[in-house]
Amino acid sequence: MRDATSQGYRLLDAVKGVQLSQRRNIIQFATAGTVLLCILILSFFFLYDDSSSPTAWSLPASLNAADVGPRTKISLCDGFDQKAVPSLLQAEAKYEQLLDNKFTIVIQTYKRPAVLNETLHRIIEGESKMLDQIIIAWNDLETPVPKDWNSPGGIPIHYQQSDKNSLNQKLKPNPRIKTKGVLLGDDDTFYTTPDMEFAFKTWRETGQSRLVGAWPRLGKPNKEGQWHYIIPGKESEYNMILTGLTFVHIAFLDYYSSSDVLMTQIRDYVDEHFNCEDIAMNYMTQYITGCPTIYAKGKGGARLTPKPKGMPRIGNNKGHLARRTACLNDFNKMFGRNPLKNQAGFLISAELHVS
Ligand SMILES: *[C@@H]1O[C@H](CO)[C@@H](O)[C@H](O)[C@H]1NC(C)=O
């Protein structure tokens with residue numbers, strides 16, 4: 001059973017032309033009370049009664065999107081973790097002064113300067129006004145880190161020399177970050193500018209408590225209770241979003257990188273296996289907040305920068321899937337339970353599609 005609240009949030013995203021500025025003076029979601037909740041629950045049934053084919057939904061006339069205030073706080077869903085939430089909220093308070101009308105891109109790279117350069121140019125040529133800065137986690141310890149530069153449109157690009165070639169580097173809350181929202185990326189992944197801005201707004205308006213991004217994945221138990229890592233087919237269920245392209249609140253990066261005992265074990269596990277930092281991020285966010293992820297496809301979906309011939313693309317061979325499956329079962333033990341929540345809809349621009 002999916003939680004009605006998250007369905008409600010998704011419904012709100014389906015509205016075309018939501019004017020953020022109109023929302024400022026209006027009551028917060030939390031104070032809107034039971035009437036709104038009832039409408040959300042009703043709309044949940046409305047959504048799932050007719051689930052045969054992807055459909056674009058609009059908001060019931062009785063509920064105006066402008067009645068829901070801007071969510072500048074991380075929201076929680078059913079099943080949030082009572083013990084973990086205080087530390088998360090503490091982390092959130094630490095970054096309260098950061099901007100929420102812009103976002104930062106953090107890209108991780110290792111010895112592929114040509115691919116990185118292509119990706120950077122594809123991002124900056126879109127001249128997104130919402131993009132504040134690009135930070136590159138430079139994991140190549142042998143090559144001197146390049147000089148920082150500014151795009152012609154004025155977007156600063158900063159190279160952060162890593163102290164260790166680790167997949168955890170991208171998940172560190174870099175002190176240069178001036179925004180609450182961070183788009184995590186790889187050196188060969190990007191969204192077109194309209195899709196990127198759409199995904200950013202979806203993230204910001206759906207509680208900032210989720211990973212909202214471009215690649216859905218599914219963890220699923222078999223009869224024996226063993227979990228398996230699956231690449232979902234078009235429009236089917238998912239419960240993870242890869243960090244190859246996803247928005248996240250900086251407070252989660254803070255939590256992931258903290259001295260918390262479990263997170264320290266998780267980071268060590270990621271370093272030992274050189275894999276699964278993205279699965280760990282999905283476990284962590286859903287474990288704490290109880291909120292499922294959102295697949296924000298946009299019009300074009302995730303883009304991959306073409307690579308020079310012969311360069312292998314990781315991520316689709318059998319060994320890779322088996323390693324990811326092992327991570328699921330190991331993380332189930334480490335977290336003490338599987339916190340992943342299934343989600344079935346995906347978002348294209350301002351239309352909500354439900355499978
Ligand atoms: C980086 O990519 C741009 C755009 O394709 C290209 O014009 C430029 O020469 C590249 N720079 C380097 C150092 O490869």
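Taking full-length UniProt numbering, the leading residue of the sequence shown gets 1, the next gets one more, and so forth. Even glycine gets a Cβ: it sits at the ideal position worked out from N, Cα and C.
For the beta strand (DSSP E) holding residue i, just list the boundary residues, first then last.
i: N101; result: 99-109
i: I157; result: 156-161
i: A296; result: 294-296
i: F247; result: 245-249
i: D186; result: 179-186
i: Y229; result: 227-230
i: I348; result: 345-348
i: G219; result: 216-221
How would you call residue i, buried or exposed, if buried means at least 16 neighbouring beta carbons within 10 angstroms?
i: G219; result: buried
i: R324; result: buried
i: L340; result: buried
i: L141; result: exposed
i: A93; result: exposed
i: L40; result: For L40, the pLDDT reaches just 44, beneath the cut-off of 50, and the residue's location in the model is therefore unreliable, leaving the point undetermined.
i: S236; result: exposed
i: H320; result: exposed
i: V261; result: exposed
i: A280; result: buried
i: I107; result: buried
i: E277; result: buried
i: S259; result: exposed
i: E96; result: exposed
i: E272; result: exposed
i: F346; result: buried
i: R337; result: exposed
i: G233; result: exposed
i: A199; result: buried
i: Q208; result: buried
i: W149; result: exposed
i: T34; result: Unreliable placement is indicated for T34, whose pLDDT of 42 sits below 50; no coordinate value is reported for it.
i: A344; result: buried
i: N210; result: It should be pointed out that residue 210 corresponds to Arg in this sequence rather than to Asn. R210 should be labelled buried.
i: R176; result: exposed
i: E205; result: buried
i: D195; result: buried
i: I231; result: exposed
i: F103; result: buried
Ligand 1 heavy atoms versus the CB of residue i: any closer than 7 Å?
i: H273; result: no
i: N117; result: yes
i: A344; result: no
i: H320; result: no
i: A326; result: no
i: A93; result: no
i: A214; result: no
i: A114; result: yes
i: residue 394; result: Nothing in the structure corresponds to residue 394, since the chain is present only between 1 and 355.
i: H158; result: no
i: H121; result: yes
Where do the ends of the alpha helix (DSSP H) carrying residue i lie?
i: I266; result: 261-273
i: D330; result: 318-335
i: R204; result: 193-205
i: K94; result: 85-94
i: E277; result: 277-289
How many whole angstroms separate the CB atoms of residue i and residue j, which I take to be in contact at a CB cut-off of 8 Å?
i: G298; j: G244; result: That belief does not hold up - the Cβ atoms of G298 and G244 are roughly 15 Å apart, past 8 Å.
i: F247; j: G154; result: The Cβ separation is near 22 Å, so there is no contact.
i: Y255; j: S87; result: 6 Å
i: V85; j: D188; result: Wrong, their Cβ atoms sit about 35 Å apart, outside the cutoff.
i: A251; j: A91; result: 4 Å
i: F80; j: I288; result: 7 Å
i: L120; j: I135; result: No, L120 and I135 are not in contact; Cβ-Cβ is about 12 Å, not under 8 Å.
i: W227; j: N332; result: 6 Å
i: A296; j: T202; result: 5 Å
i: Y110; j: N165; result: 6 Å
i: E197; j: S128; result: 6 Å
Report the start-end ranges of each beta strand (DSSP E) in the segment 115-167 that is 3 residues or longer and not cut off at the edges.
131-138, 156-161
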